[in-house]
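These notes are about the structure you will find just below.
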Amino acid sequence: MPQTEHGANRRRGRDETEEERADRMWTDLIQEVRVAQTGVQILFGFLLTVVFTPKYAELSDTDQTIYIVTVVLGACATGALIGPVSLHRLVSGRRIKAQAVRWASRLTLLGLLLLLATTSAALLLILRVATHDGFVPYLVAGVVAWFLLCWFGLPLWTRHRHTVR
Numbered sequence: 245m246p247q248t249e250h251g252a253n254r255r256r257g258r259d260e261t262e263e264e265r266a267d268r269m270w271t272d273l274i275q276e277v278r279v280a281q282t283g284v285q286i287l288f289g290f291l292l293t294v295v296f297t298p299k300y301a302e303l304s305d306t307d308q309t310i311y312i313v314t315v316v317l318g319a320c321a322t323g324a325l326i327g328p329v330s331l332h333r334l335v336s337g338r339r340i341k342a343q344a345v346r347w348a349s350r351l352t353l354l355g356l357l358l359l360l361a362t363t364s365a366a367l368l369l370i371l372r373v374a375t376h377d378g379f380v381p382y383l384v385a386g387v388v389a390w391f392l393l394c395w396f397g398l399p400l401w402t403r404h405r406h407t408v409r
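Sequential numbering from 245 applies to the sequence shown in our numbering.
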């Protein structure tokens with residue numbers, strides 16, 4: 245066991261089997277996915293209604309293209325973030341939870357990247373329609389940078405800084 249500064253033994257990690265670890269990681273992952281699913285589903289739902297409003301016909305070709313790309317990204321994000329549920333359901337009871345957790349984690353990360361792209365495209369479209377100003381791409385880039393910092397930069401820094409080697 246690792247020793248502290250005072251020489252006393254201190255445990256690190258958890259005393260769990262591979263199956264218990266997979267169960268715990270699965271539970272953690274599903275809680276995380278619930279948060280992301282809610283956000284993407286609300287955003288996607290609102291996006292689906294835009295095409296049925298009178299304002300849609302007034303959008304420029306560029307804005308309509310941005311809208312279509314945004315809806316497709318939202319659909320892909322929804323699929324990736326709901327994918328872990330389907331994965332679990334189809335492999336449940338097969339004694340491959342550790343592998344399922346790895347694949348579900350990958351789908352979740354992909355879903356977060358797609359959610360970032362969807363949110364960015366939606367913000368671009370909304371600000372283009374609302375302001376028609378040249379600063380919009382810079383504002384959107386700033387928001388994307390903020391998301392990247394919050395969603396990936398800080399977690400990766402924390403992981404690097406505090407992971408015991």
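Using N, Cα and C, we set each Cβ at its ideal position, and we do this for glycine too.
The three-state reading of DSSP puts E260 in coil, since its state is none of H, G, I, E or B.
Annotation for C320: L358 place their beta carbon closer than 7 angstroms to its own, counting only its chain and skipping 5 residues before and after. For D377, there is no enclosing alpha helix (DSSP H), as DSSP marks it with neither H nor E. Counting every other CB atom within 10 Å of its CB across the protein chains shown gives F296 a total below 16, marking it as exposed. Boundaries of the alpha helix (DSSP H) around G323: D305 to V335. A344 is classed as buried because its beta carbon has at least 16 other beta carbons within 10 Å across all chains shown. Restricting attention to R346, R338, P298 and V315, the CA atom closest to the CA of L287 is found in V315.
If you check the CB distance, V384 and L398 do not come in under 7 angstroms. Annotated three-state conformation of V408 is coil, per DSSP. Buried is the label assigned to L325, since at least 16 other Cβ atoms lie within 10 Å of its Cβ. DSSP places T297 in the coil class of the three-state scheme, outside both helix and strand.
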